[in-house]
Each structure stands twice: as structure tokens, then as C-alpha cells.
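Visitor:
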Amino acid sequence: MKLLLCSDLHLGRTPARLPEPWRRPARTIRAWEALVECAIREKVNAVILGGDLVDAENGFWEALAPLETGARTLGDAGIRVIAVAGNHDAVVLPRLAAFLPSDVFTLLGARGQWEALVLKENDAPALRLYGWSFPRPHWDGDPLDDFSPAPPDGLPALGIVHGDLGASSSRHAPLSLARLQAQPVTSWLLGHLHAPRLHEGSPWVLMPGSPQPLDPSETGAHHAWITELQNGALTPPRPAATASLRYETLEIPLRADIPPGEDTIRKAILRQLEGFDCDRTVLRLRFTGETSDPAFLAACIRHLTEWEPGGNTIIEKIENRPRPPFDPTACRQLGGLHALLADLIEQGPPDGLRQRLGDLHARILRQGEFDGKGLAPLPLPDPRPHAERLLAEILEGSP
Ligand SMILES: [Mn+2]
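Note that my numbering numbers the sequence shown so that position 285 is 268, with each residue one more than the last.
(1) For the alpha helix (DSSP H) holding I241, just list the boundary residues, first then last.
(2) Measuring only from the beta carbon, is D(-9) closer than 7 Å to any heavy atom that is part of ligand 1?
(3) Give the range of the beta strand (DSSP E) segment to which Q213 is assigned.
(4) Apart from the five residues on each side of it in sequence, which residues of its chain come closer than 7 Å, Cβ to Cβ, to I12?
(5) How would the residue list near ligand 1 read, in chain order, if you kept each one whose beta-carbon is closer than 7 Å to any heavy atom?
(6) Whose C-alpha, out of L266, L18 and G184, is nearest the C-alpha of P2?
(7) Helix, strand or coil for V188? Go by DSSP, reduced to three states.
(8) Leaving out five residues on either side along the sequence, give the residues of the same chain with a beta carbon under 7 Å from the beta carbon of K103.
(9) Closer than 8 Å is the cut-off here; do at least three beta carbon pairs connect the region 90 to 97 with the region 40 to 60?
(10) Looking at the strands, I want to know which residues DSSP matches up with W115.
(11) Residue range of the alpha helix (DSSP H) that A66 falls in?
(12) With a floor of 3 residues, list each beta strand (DSSP E) that falls wholly inside the region 4 to 33, ordered by position along the chain.
(13) Exposed or buried, what is Q195 when buried is set at 16 or more other beta-carbons lying within 10 Å of its beta-carbon?
(14) Are the CB atoms of L79 and A54 nearer to each other than 8 Å?
(15) Could you tell me whether the Cβ atoms of T225 and D198 are closer together than 8 Å?
(16) Need the endpoints of the beta strand (DSSP E) that A99 sits in, please.
(17) Have a look at T89 and D136 and give me their C-alpha separation to the nearest angstrom.
Written as C-alpha cells, this is what we have:
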């Protein structure tokens, strides 16, 4: 028996910060179609979904047709779909399930009641599934409080639940890894976090992550997973159906003693891009470290905003964060605010001032970011980088 595992598809949402021509092929509906194709190609017996299949309550009509088409295609290939509802689709998934072919699509654990389902292979029971669905968008308790699995009968078991792993005060069904792994099941399929993570061990616990990333913060490879029933246990899952889209943040650390060279920067970016295996990459560049020539760097960044690293890569945002080298003597010579801040470094900031300095620091850091539309480089001579450097020194240097 072979299973395709996935969660957090968020049908109806379009991944953020994409250029117009990319929006359509990157839609989550297209990712669902890719999952269906993968399930058929891999000849799985069932597709198991760990919640948040649909993004929002008003996504009913947008999700219905692709889900119905996909379910029928899977049904024709003898593949079942078993899903639990997450916080996003607590209300809409039960409504959708009523419209989908019931011999193919099963919503497990409706209304927050654990439910068991036995999958058969060659007419013999092969795997027991336990599922719990969000009854409403918020659930403060740990769903395991009501989990009472059947007495051990030798049948392997996969638990399926959507919840906030490791966040004990979450309003989205807080789950504890230790408690999950103390249950008499073979494996767990979770949902909720969009970054994939596999906790090995027995039982293994898989947070499959979104099969298509939805936001620049969701970096790294995204995909569904496949597991197989072998010798009475489910094998550790392996990646399948890799996303067509990838978000990445590339950090470019600069050194004050080596001027930033545009060619060097471009080559470093292209070198890193070679490692990404996907149709489209959305890059965020983050310049860090130190520079003694902010004007040169700003010009560099202006050129980079007009640069297309390749037909399948765009630069979505550039964060300009290098600092000038720290030089308190030069700052004192500037007088005024700079001299005051340089003195503060020696004496430490007075009580209550720290928070206000932190806010000021955050505002200064945001001044040099290209936000996909335009960049306001800091002109020279500009005291702000030095003021930022002094503030950082105070904030980081004092207890
Ligand atoms: Mn969720």
C-alpha cells in the first residue's frame, strides 16, 4: 500500500509577490492538479490531506470544480482521498465534502470527534487511519485529550490531525511532539505549519508543509510526500510532487575592506540559483555585513533591481542592511546626535530609553529596502547609516 501525504494547500489563495504572468501557473489549484497527476503516476492507493485544503470559508465555489474533477480522476484510478479539516477550512470543507463523490472523498473526524477508518489491501484490513477535524476556526484544547485508539490488534495506524505543533498556548489546536509520539500509532500526519518538517522516530511525525509555498517567508523546497506500508509499518516518507515555485532569501555579507563588486555579486547569486530545481524562483536579497561606501552599494542595488537573473527568476525585494565600520571617534567629531549616541555607548542607555531607541533603529533599517516598486537609496553625505550603527552598538552592547 502506498500513500501520498500532504496538507495546507490553501486552495483559492495565490502565492504572494509574483509578477502577473506567473500568477496563473502558480495558483494553488494548479498545485492540486499536480498532486492528482503525481498520485496517478506513483500509483498510490490513497491521498491523505492534513487540513487547510481550502484557504477560506468563501472559497467554496472556487474550490468545488477542481476538487470534484480531481476526485473523479483519482476515483477512476482507484485512488481514495481522505482529509481532515484545519482551522482555515473548518466550516467550508464539510460543506464541500457533501458535494464530492462519497466513494472517493472522505472527511474524517468531523465536528472535532476522532474517527477511525480501515483501509484494505486485497480485501484484507491493512492500515487503520485516525482523524480529527477542526469543528470551528479556533480550538484551544489539545485534540489528543479525546484520543482513544483501539486496543492494539497488530494493524498499523496513521493518525491525522491539524494543529499547532509545539505552541502550547495556541488557539489552533496546540499539539506536543512528545505526547504525539507516546501514542500507540505507527505514524502521524499533521498540518498547519507551511514549512515541511519530518520528526523521525517511532512513530514518525510528518508536518508535510504546503505543497506550493505561498509567501516569501516560505523558503526552501516544498512538496508532497510518499510513504509505503512495508512489514507492518509505514516507511519514512520521501518527497514527491515538488512545487513549481520556490522562494529564497540570499544573504550577501559584505566586508568594509573589500568594495562590493557588481559582477562578483551577480556571480554569487547565479551560483546559488543552480541548486534550485523548480520552474520559477522568487528571490529576496539581503545585503549584510559592513561597507565603507554606501553610495557605491546603493548604485549596485539600483542596477540589480533592473537585472533579470534568468527567465525563471525574479528579484522580489532587496534589503540594504550593511553598516559602516564602527568608528566612535569619527562619530564624536560629527557632534550633535552622533556625539550624544557615542557617549551613550560608554555609559549605557538610561532606563526606558532602550525601547524608544529600538523603535528608531527599526525605522532606520527600513529606509534602504527595495520593495518591488522602487528604492530610495540613502544619499551621501548621509548621517543615518552612522546613526544606525551607533544605535545598534548601544542596543546590542548593553545588557
Ligand atoms: Mn492551519
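Every residue, glycine too, gets a C-beta built ideally from N, C-alpha and C.
Keep in mind that this is a model prediction, so the values were computed, not measured.
Guide: On the basis of the coordinates in this document:
(1) Within the sequence shown, residue 241 is the residue found at index 258, counting from 1. That residue, I241, is in no alpha helix (DSSP H); it is neither H nor E in DSSP.
(2) Position 8 of the sequence shown, counting from 1, holds the residue named residue -9. Judged by the Cβ position, D(-9) qualifies as a neighbour of ligand 1 at the 7 Å threshold, a heavy atom of the ligand being closer than this.
(3) Position 230 of the sequence shown, counted from the start, is the residue given in the question as residue 213. Counting along the chain, the beta strand (DSSP E) containing Q213 begins and ends at A207 to Q213.
(4) As a working note, residue 12 is residue 29 in the sequence shown. Around I12: L(-6) and P49.
(5) Listed by position along the chain, the residues with Cβ atoms less than 7 Å from a non-hydrogen atom of ligand 1 are D(-9), G34, D35, G69, N70, H71, H145, H155, G174 and H175.
(6) The residue given as residue 2 occupies position 19 in the sequence shown. Ranked by Cα distance from P2, the first of L266, L18 and G184 is L266.
(7) Taking the first residue of the sequence shown as 1, we reach residue 188 at position 205. Looking at V188 - three-state DSSP - the assignment turns out to be strand.
(8) Here the question's residue 103 lines up with position 120 in the sequence shown. Excluding sequence neighbours, K103 sits near A109.
(9) Touching, no, given that fewer than three Cβ pairs across the two stretches are closer than 8 Å.
(10) The residue labelled residue 115 in the question sits at position 132 within the sequence shown. Beta bridge pairing from DSSP links W115 with V144.
(11) Taking the sequence shown and counting its residues from 1, the one referred to as residue 66 is at position 83. From DSSP, A66 is part of no alpha helix (DSSP H) but of the beta strand (DSSP E) over R63 to A66.
(12) Runs of beta strand (DSSP E) with 3 or more residues, each lying fully within the region 4 to 33, are found at 29 to 32, listed in chain order.
(13) As a position in the sequence shown, residue 195 is number 212, starting the count at 1. Buried.
(14) Indexing the sequence shown from 1 puts residue 79 at position 96. Indexing the sequence shown from 1 puts residue 54 at position 71. Contact flag unset, no.
(15) Start at 1 with the first residue of the sequence shown, and residue 225 comes out as number 242. Start at 1 with the first residue of the sequence shown, and residue 198 comes out as number 215. Taking 8 Å as the Cβ cut-off, T225 and D198 do not qualify as a contacting pair.
(16) In the sequence shown, residue 99 corresponds to position 116, counting from 1. Counting along the chain, the beta strand (DSSP E) containing A99 begins and ends at E98 to E104.
(17) Residue 89 sits at position 106 when you count from the first residue of the sequence shown. Residue 136 sits at position 153 when you count from the first residue of the sequence shown. Rounded to the nearest angstrom, the two C-alpha atoms are 24 Å apart.
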